[in-house]
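**Student:** Under the UniProt record's numbering, the sequence shown is numbered contiguously, ending at residue 359.
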Amino acid sequence: MRYTPEVEQLLPNEAELLLQTGETVLGMAQTVRRAHGHAMHATHAKAVGLLKGTLLIADDLPPELAQGLFARPGRYDVLVRYAPGPSNPVSDKASGQRGLSLKVLGVEGPHLPESRETTTQDWVLALDPAFVASTAEDFLRTFRRFAAKSPSIPENLIVAGSRLARGAEAALETVGLESSNLRFFGRPPQHPASEVYYSQAPVRYGDYIAKLAVFPTPETLAAIGDPALDTSHDDEAQRHAMQAYYTQHAGTYEVRVQLCTDLQTMPVEDAAVVWPEAQSPYRTVARLVLPPQEAYSEARRQYVDERLAFNPVHALEAHRPLGSIMRVRTKVYIQAQDFRQQANGVVPAEPRSHAEVPD
């Protein structure tokens, strides 16, 4: 399916949705700041891994895959941020949505006018192949319910709620059912480096439309072994697991894309639809290599978590985020970034290479 601007259809009330979503997200960010004395990322607040790596673009891609950043073979410095989903830094005993953000450095070419950066390509990924909400309107409704309660709920109740959600989801799965909402709040604790992470919503892929994902290689899964984590006695189990693993091992992933072949079954404006892999499988376009290193240091946290921002709108025009979820989400991310950095008195940064990033 070829990309044209017409694949996107703006909602009639999209400007108002953007305004209300921005107010909701900033209100929650302010609540978290008051509670912790420090402004944090509006979502995925607590990083559990901050790593340097290399993106290796494959050299034998067919024309439909050789698009945008992947049009030519090459290698790029990347930064990777692993972080669970809550907007406040709760114990790992509460196990829900998890994310991985990629920042590709030194990317030349026409960037989006909305992007403040001209040398990076960001992807913000999470565990499900589709988003928890269909449209920006659904997203606002869901986020309002979450924002009204989450920052003020005591941590022990968040942990208990996560356990209940995990149990309910497990019960559904025994009879062949599932719930994206239950999965969002309650997932079995698992090693962050062992999971598949998806863009969830579509992006432009040069002349085409696609979703993107990163899949751990068999070598990485073998090195991790049993991916289950025991979080019962460790509030920072994910970070400790990442530090233990990356001290001795590399993490390698295949970067894959799923091309849209039918707008009826693979819609752009409904981010909650899982695109059928039987119709269009994920295909490898690059390899992500994270060498052995200190997976989390205070110096790197100060730089990456405080001064950087990960936003799908930091992108080449060839990888424009698509759909109402992406249009609203990316603009709200910019507002949240401005609030966080101004509240903390830090100077924003956007590196061109690893040389600018502390170890």
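For every residue, glycine included, the Cβ atom is placed at its ideal position computed from N, Cα and C.
(1) With P84 and H44 assumed to form a contact (beta carbons below 8 Å), what rounded beta-carbon distance in angstroms separates them?
(2) With DSSP as the reference, label T119 as helix, strand or coil.
(3) Is E117 a contact residue of the ligand ZN, with contact defined as CB to any heavy atom under 6 Å?
(4) For the alpha helix (DSSP H) holding V328, just list the boundary residues, first then last.
(5) Can at least three beta-carbon pairs, one atom from the stretch 235-245 and one from the stretch 27-42, be found at a separation below 8 Å?
(6) Assign G68 to buried or exposed, taking buried as 16 or more other Cβ atoms, counted over all protein chains shown, within 10 Å of its Cβ.
(7) With burial defined as no fewer than 16 other Cβ atoms inside 10 Å of the residue's Cβ, what is the status of D77: buried or exposed?
(8) Between A29 and F339, is the Cβ-Cβ spacing less than 7 Å?
(9) Within the continuous alpha helix (DSSP H) that includes L26, where are the two ends?
(10) If you run the structure through DSSP and keep just helix, strand and coil, what is D305?
(11) What's the C-alpha gap between H191 and Q258?
(12) Return the residue from the list A349, F139 and K211 that minimises the CA-CA distance to V24.
(13) Tell me which residues share the same chain as Y333 and place their Cβ nearer than 6 Å to its Cβ, disregarding the 5 neighbours each side in the sequence.
(14) Starting from T284 and walking both ways along the beta strand (DSSP E), at which residues does that stretch end?
(15) Assuming the contact rule is C-beta atoms closer than 8 Å, R283 and L65 should be a hit. Round their C-beta distance to whole Å, please.
**Tutor:** Well, looking at it:
(1) Rounded, the Cβ-Cβ distance is 7 Å, consistent with contact.
(2) Correct three-state label for T119: coil.
(3) This structure lacks the ligand ZN, and indeed carries no ligand of any kind.
(4) That run of the alpha helix (DSSP H) goes S324 to N344.
(5) As far as the Cβ criterion goes, the stretch 235-245 does not touch the stretch 27-42, which means the pair count is below three.
(6) Counting every other CB atom within 10 Å of its CB across the protein chains shown gives G68 a total of 16 or more, marking it as buried.
(7) Only buried fits D77, as 16 or more other CB atoms lie within 10 angstroms of its CB.
(8) For the 7 Å CB-CB criterion, A29 and F339 form a contact.
(9) Note, L26: alpha helix (DSSP H), E14 to H36.
(10) In this structure, D305 counts as helix in the three-state DSSP scheme.
(11) For H191 and Q258, the distance between alpha carbons rounds to 25 Å.
(12) The amino acid occupying residue 24 in the given sequence is Thr; Val does not appear at that position. Looking at A349, F139 and K211, the one whose alpha-carbon comes closest to that of T24 is F139.
(13) Hits under 6 Å: N311.
(14) R283 to L290 is the span of the beta strand (DSSP E), which, as asked, contains T284.
(15) With 8 Å as the limit, R283 and L65 qualify as a contact, their Cβ atoms being about 6 Å apart.
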